[in-house]
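Scroll down for the structure; my scribbles are underneath it.
Numbering (this note's numbering), first residue to last: 8 to 342.
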């Protein structure tokens with residue numbers, strides 16, 4: 008393995024993390040196309056039903072090589088596929104492709120990435136991780152059958168971490184606890200996060216199967232819990248509370264088109280394959296500590312004297328972090 012190979016795969020991984028969770032129920036996947044050290048494209052799958060990372064990367068690479076945009080919607084998988092299938096097989100000769108997950112071999116809502124990749128001549132294709140879903144693999148074999156040099160396992164450990172939500176929600180609920188805090192760990196006092204962070208939260212709400220929140224937070228904050236910053240439909244809400252009585256004038260009860268359920272037992276919700284987004288304070292964090300898979304922290308660059316914080320002793324393992332607006336976004340799990 009060359010050092011450059013790891014660098015280029017890490018670029019693909021980093022791009023995939025930008026869309027972690029937002030691709031539900033699909034996995035987050037990144038892809039890079041490189042020719043003799045020149046980066047032609049780094050792309051990722053962005054939303055279920057849209058183009059996979061490989062299709063986006065190939066289209067972007069064509070635009071880089073041609074020096075112009077093409078009249079193709081990069082989100083439309085079949086439109087991109089049909090455009091690429093008309094290109095000469097020599098288009099990517101000498102190029103190396105780096106993809107974080109084995110290209111799909113099957114045709115479903117979107118076309119087979121392995122089939123369109125095998126239309127072209129490649130120097131090599133690096134795959135970080137094979138497809139973990141039984142019956143969905145075979146993409147690497149399709150490429151090899153067409154004489155393409157395929158190597159698997161580059162940055163495998165990093166790819167395993169990236170894929171963890173996807174592998175979990177195949178079997179049961181993936182539980183993501185979202186929290187926002189100041190640089191000195193305070194969580195109260197109105198909106199803390201930047202507009203970019205708020206928009207990101209609303210995009211996650213839009214794809215999650217259910218938004219779970221503690222009864223105490225509902226009573227104290229009187230939230231709306233919609234997706235007004237993205238224009239998406241509001242998620243269904245489960246309020247975790249032993250107390251069943253709530254002021255129905257609290258805004259979350261007045262959002263049209265959503266169901267609000269009050270439960271004192273979350274076990275049935277946690278057992279079925281799904282994506283659960285949890286928002287709440289210290290009480291909710293403690294109550295679900297044994298069932299939380301990951302935490303998503305939005306840390307704002309400010310200090311405050313507000314007394315509220317998460318007063319809990321718990322080690323964390325940081326998985327990935329990046330800037331989002333003025334904030335720092337950190338994906339982590341309990342260490």
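Cβ coordinates follow ideal geometry from the N, Cα and C atoms, glycine included.
All of these numbers come straight from a predicted model, not from anything done at the bench.
According to the neighbour-count rule (16 or more other Cβ atoms, all chains shown, within 10 Å of its Cβ), is residue 58 buried or exposed? buried
Backbone secondary structure at residue 281 - three-state DSSP: strand
Quick test of your reading: residue 157 and residue 147, contact by CB under 8 Å. State the CB separation rounded to the nearest angstrom. 5 Å
Would you tell me roughly how many angstroms separate the C-alpha atoms of residue 136 and residue 151, rounded to the nearest one? 16 Å
Assuming residue 199 and residue 307 are in contact, meaning their beta carbons sit under 8 Å apart, how far apart are those beta carbons, in whole angstroms? 5 Å
Please classify residue 33: is it buried, with 16 or more other beta-carbons within 10 angstroms of its beta-carbon, or exposed? buried
Residues sharing a beta bridge with residue 42, DSSP: 45, 102
For residue 70, report the span of its alpha helix (DSSP H) as first-last. 60-73
When the distance is taken between beta carbons, is residue 91 closer than 8 Å to residue 182? no
So residue 102 and residue 129 are supposed to be a Cβ contact under 8 Å. How far apart are they, rounded? 6 Å
Where residue 129 sits in the DSSP three-state scheme: coil
Nearest to residue 280 (by Cα), restricted to the options 214, 180, 292: 180
Residue 244 versus residue 142: straight-line alpha-carbon distance, rounded: 34 Å
Take the Cβ of residue 222 as the centre, count every other Cβ of all protein chains shown within 10 Å, and call the residue buried at 16 or more, exposed below. buried
Going along the chain, which residues of its own chain have a beta-carbon closer than 6 Å to the beta-carbon of residue 239, five neighbours each way excluded? 213
Run through the DSSP bridge pairs and tell me what residue 185 is partnered with. 286, 303
On the three-state DSSP scale, how would you describe residue 5? Residue 5 lies beyond the stretch modelled for the chain, which goes from 8 to 342, so this question has no answer here.
I'd like to know whether the C-beta atoms of residue 60 and residue 50 end up nearer to each other than 8 Å. yes
Would you call the region 319-327 and the region 251-265 in contact, with 3 or more CB pairs under 8 Å? no
Give the secondary structure of residue 252 by DSSP, where H, G and I count as helix, E and B as strand, and everything else as coil. coil
Apply the 10 Å Cβ neighbour rule to residue 80 and answer buried if 16 or more other Cβ atoms are within range, or exposed otherwise. exposed
Where do the ends of the beta strand (DSSP E) carrying residue 90 lie? Looking at the DSSP string, residue 90 is not in any beta strand (DSSP E); the run it does join, the alpha helix (DSSP H), is 84-92.
Report yes or no: do three or more beta-carbon pairs, one from the region 153-167 and one from the region 284-302, lie closer than 8 Å? no
Kindly list the residues whose CB is nearer than 6 Å to the CB of residue 105, restricted to its own chain and excluding five residues on each side of it in sequence; keep chain order. 15, 16, 19, 39, 133
Specify, as a first and last residue, the run of the alpha helix (DSSP H) that residue 224 falls within. 222-228
Three-state secondary structure (DSSP) of residue 296: coil
Please return the same chain residues whose Cβ sits closer than 6 Å to the Cβ of residue 172, not counting the five positions on each side in sequence. 181
Suppose you measure from the CA of residue 264 to the CA of residue 233; what does that come to, to the nearest Å? 11 Å
Indicate whether residue 62 and residue 84 have their beta-carbon atoms separated by less than 8 Å. yes
So, are the CB atoms of residue 253 and residue 225 less than 8 Å apart? yes
Excluding the 5 residues preceding and the 5 following residue 127 in the sequence, name in chain order all residues of the same chain whose CB lies nearer than 7 Å to its CB. 96, 98, 99
Where does the unbroken beta strand (DSSP E) through residue 157 begin, and where does it stop? 157-159
Can you tell me the Cβ-Cβ gap for residue 286 and residue 218, rounded? I've got them flagged as a contact below 8 Å. 7 Å
At which residues does the beta strand (DSSP E) containing residue 97 begin and terminate? Segment: none, residue 97 is in no beta strand (DSSP E) and carries neither H nor E.
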